[in-house]
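For the sequence shown, the positions run -16 to -1, 1 to 535 when mature numbering (1 follows the signal peptide of the UniProt record, and there is no 0) is used.
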Amino acid sequence: MRTFLPLATIAASAAAAASISRRSDPTVDLGYVTHQGHSNSRGVDEFLGLRFAAPPLGDLRWRAPADPEPVAGVQNATVKQAVCVGQDKLVVAGVTEEDCLYVNSYTPSKATANPDAKLPVWVYLQGGGYQTNSGGNYNGTEVIVQSGYDIVHVNVNYRVAQLGFLGGVAVVEGGGDYNVGLLDQWKALEWVQEHIEQFGGDPDQVVLHGPSAGAGAVSHIMTAYDGVDHGLFVGTIGDAFAWGVGAYPNDTDAHFAMFSSQMGCANATDQMACLRATDINKIQTFDRNAAPPAGVPTPNMAMWFSPLIDGVFVTGPQQDSFSQGKFVKVPMITGDATNEGNTFAPNASTTEEVTALAQLEFVNLTDAQIDTIVAAYDHPRPLPQHAAYFSVVADILGEFGFICPVNKVSMGVAAHLSPDQVWNYRWNTTEQLEVDMGWEAWHTSDIIPFFGPGQASGPDGYEDLDIGYSFYPGGENAAIVPVLQHYLISFIKNLDPNVERYAGSPEWENWGEGLGQRLRIQTNATAMEEVPQDQVDRCNMFWDLNDIMKQ
C-alpha cells in the first residue's frame, strides 16, 4: 500500500499560483466575485477553490449554509483550498479546515466564459463515510479529455463528522439545523444552477455522482423534501450507497450529551451558543470512544454523525422512500464492488466470533435473528493475511451496508420510473498485489480508473489503499480504464451508458424485470449477468429485519 502525502498537492498548487500572470489564464465573473483560473497543458481550464457559501464559522456553525459575501477585485482560483476537517483530523491550514465550503471546476478551455457552450455537467460528491472529505483533490481533466472536451466537471466539499452531522434534539432547540453536510451539497447544486453557464456548462444537463457516502448523499438528495423535483439534476450515478443508520434526532441525544460534555458545555445555559464559541482545535479533540459522562447512556456506536431523519430534508428511511416512489425520478446508474465489506471488516476466526461482532452491529436483534443472519453467510473463504472467518464478517457488512441498498435503489427506480432507465453494475476488477493482501475487489476501488491513473489520489480517503499501478498503460488492468470511463461519460452526456461506450465493450443492458440484470465490469471479462437469487434472498432478510434494527 502507498500513502499519498500533501506535499505533491502543495507543489502543484505552488506551480499553479505562479502561472496566474500568464495572459492565457481564463477569467470568469460570477457577479459576487471574479475568478482567474489556470489553463493546463491538456486544454482544460481549472478553477480551484471557488467559495459557494459563506464560511460556516461562529454563528453559522451547525446552521444551513448562507450565501457568500461579495468580494472586490480578481481573485486567484489556481490553488485548491482546504477540505472540510473530519473526524480525528487535525486542523492544518490549507489542507483540512472548518472554512471549507468550496468547489473546484474543470472545463474545456474552448467553453470557458461561453454561456452558449451548454456542455453537460458532471457534479461529484466525494465520499468518506460522512466523517471525512475523501476526494477534495480529485482532478477532472482526464475524464474531460476522454469525453472529447464535451463535459464540465465540478467537485464539492461539504461539512462532515461533528461539524456536519451533529445530532440530538438540543441542536434545533438551540437554533441549529440537522444534516448541514447534506444542506451544503444542496447549496452547491444551487450554485451550479446559477453559475455553471459561465464555465460553459448547461444547468439543464447536470448529472450528480458520488461513491460511498457520496452515493448516500446522492440518494438523500433524490429523496429530499419527499422527493419533490427542484430541477437541480437530470440524472444520477451512485456507487455503493452508504445511507447511514437512518436515526431520528432523539435517537442521538446521548451522542449530543457526550459531545457537549467533552467540550465543557454540558452545564451551559445555552449549550449550542457554548459549542459555537468553542475553538475548532478543541472540537477536533472529541473522542467518540470515551466513556459517557455520568447519567448518559452509552451511545449507539452505529449512529455517530451521519444523516438523520429530520422530517424536512430527510423525511423517512431511504429504503422506504425508494420503495414508495418518494424520490426524483431520473435515469440512474447504480453499482457496487464485489467485496464491499473487505475495506471495513474486523477479523474473526470462528463462527462464535462472527456472532459476537454481529451482535455489536445489530444491537436490537434477538439472538435467534442474529443466528439467522450469520447462518446465511457461514461459508468462509480463505483470504491472505486475514483470519479464517474474516470473509464472513466482510460479506455481511458489504451486503447489508452497500450492496443491498444499491439493489433497493435499482428496484425503486425500475418500479417508479422505468426498468429501462436504470443500469446496475458490479465492479469485479482486482489487482494482484491487493489480492495478495486479501482486499479483492474492494469498496470504491473503481474511482481511480474512472478519474484516470494519478487523477484521484489525495491525503484522505479509501482510495489511498489502492496500489494504482495496474491501471497505468502496460499495467494488468489498463484495458478496463477506457471501458469504465466511456460508459459513465456516455451517461453524463446522453443519460444512456451505451451511446458512446468504448469500442468492443458489450452493450450495458438495463435492470429490466425480475431479479434484475447488472454489468460485471472486469478486465477482459466484462459481461451482463443476473443478480443471483441467493443475494436477493439475503437482502430481503435484511429488509424484513430493518425496522427492528432501527428501534
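Glycine included, C-beta positions come from ideal geometry on N, C-alpha and C.
Owing to the predicted nature of the structure, the values given are computational and were not obtained by experimental measurement.
Subject >> Which of helix, strand or coil DSSP assigns to Tyr361 >> reply: helix
Subject >> Straight-line Cα distance separating Ala50 from Ala257 >> reply: Each residue's alpha carbon lies about 18 Å from the other.
**OP:** On the DSSP bridge assignment, give the partners of Ala101 in chain order.
**Re:** Its beta-bridge partners do not exist; DSSP assigns none.
Original post:
For the alpha helix (DSSP H) that contains Glu345, what are its first and last residues?
Top reply: Thr335 to Glu345
**OP:** Take every Cβ of the segment 201 to 210, pair it with every Cβ of the segment 293 to 310, and state whether three or more of those distances are shorter than 8 Å.
**Re:** yes
**OP:** Report buried or exposed for Arg143, applying the criterion of at least 16 other Cβ atoms within 10 angstroms of its Cβ.
**Re:** When all chains shown are included, Arg143 counts as buried.
Subject >> Paired residues, beta bridge with Ala511 - DSSP >> reply: Beta-bridge partners of Ala511 (DSSP): Arg504.
Subject >> Pro99 versus Val176 - alpha carbon distance >> reply: 13 Å
Original post:
Does the beta-carbon distance from Ile432 to Phe455 come in below 8 Å?
Top reply: The Cβ atoms of Ile432 and Phe455 lie closer than 8 Å to each other.
**OP:** Rank Val377, Thr356 and Asp294 by C-alpha distance to the C-alpha of Pro330 and give the top, closest one.
**Re:** Val377 is the residue among Val377, Thr356 and Asp294 whose C-alpha sits nearest the C-alpha of Pro330.
Subject >> Straight-line gap, Tyr409 to Asn163 (C-alpha atoms, nearest Å) >> reply: 29 Å
Original post:
Does at least one heavy atom of the ligand SAM sit under 7 Å from the Cβ of Val79?
Top reply: This structure lacks the ligand SAM, and indeed carries no ligand of any kind.
Original post:
Where do the N-terminal and C-terminal ends of the alpha helix (DSSP H) with Tyr209 fall, by residue?
Top reply: Ala197 to Gly211
Original post:
With which residues is Tyr86 paired in a DSSP beta bridge?
Top reply: According to DSSP, Tyr86 bridges with Arg35.
Subject >> Residue environment, Thr507, which counts as buried when at least 16 other CB atoms sit within 10 Å >> reply: buried
**OP:** Taking only the alpha-carbon atoms, compute the straight-line gap between Pro276 and Phe346 and give it to the nearest angstrom.
**Re:** 21 Å
Original post:
Taking C-alpha atoms, which residue in Ala231, Gly309 and Thr322 lies nearest to Val419?
Top reply: Thr322
Original post:
Grouping DSSP H, G and I as helix and E and B as strand, with all else coil, what is Thr236?
Top reply: helix
**OP:** Using a threshold of 8 Å, state whether the C-beta atoms of Leu14 and Thr62 are closer than that.
**Re:** no
**OP:** Return helix, strand or coil for Arg47, following the three-state DSSP convention.
**Re:** coil
Original post:
Since Val191 sits in a beta bridge, which residues does DSSP pair it with?
Top reply: The partner list for Val191 (beta bridge, DSSP) reads Trp106 and Gly219.
Subject >> Alpha carbon of Gly40 to alpha carbon of Asp134, nearest angstrom >> reply: Looking at the sequence shown, residue 40 is not Gly but Pro. If you take the alpha carbons of Pro40 and Asp134, they lie about 34 Å apart.
Subject >> Close-in-space but distant-in-sequence residues of the same chain around Ser394 (CB under 7 Å, 5 per side omitted) >> reply: Thr318, Val406, Asn408, Trp495 and Gly500.
Subject >> Coil, strand or helix - Gln246 by DSSP >> reply: Here Gln246 sits in helix by DSSP.
Original post:
So what does DSSP say about Tyr471, is it helix, strand or coil?
Top reply: If DSSP states are grouped into helix, strand and coil, Tyr471 belongs with the helices.
Original post:
In the DSSP assignment, what residue or residues form a beta bridge with Thr11?
Top reply: Under DSSP, Thr11 takes part in a beta bridge, and its partners are Gln20.
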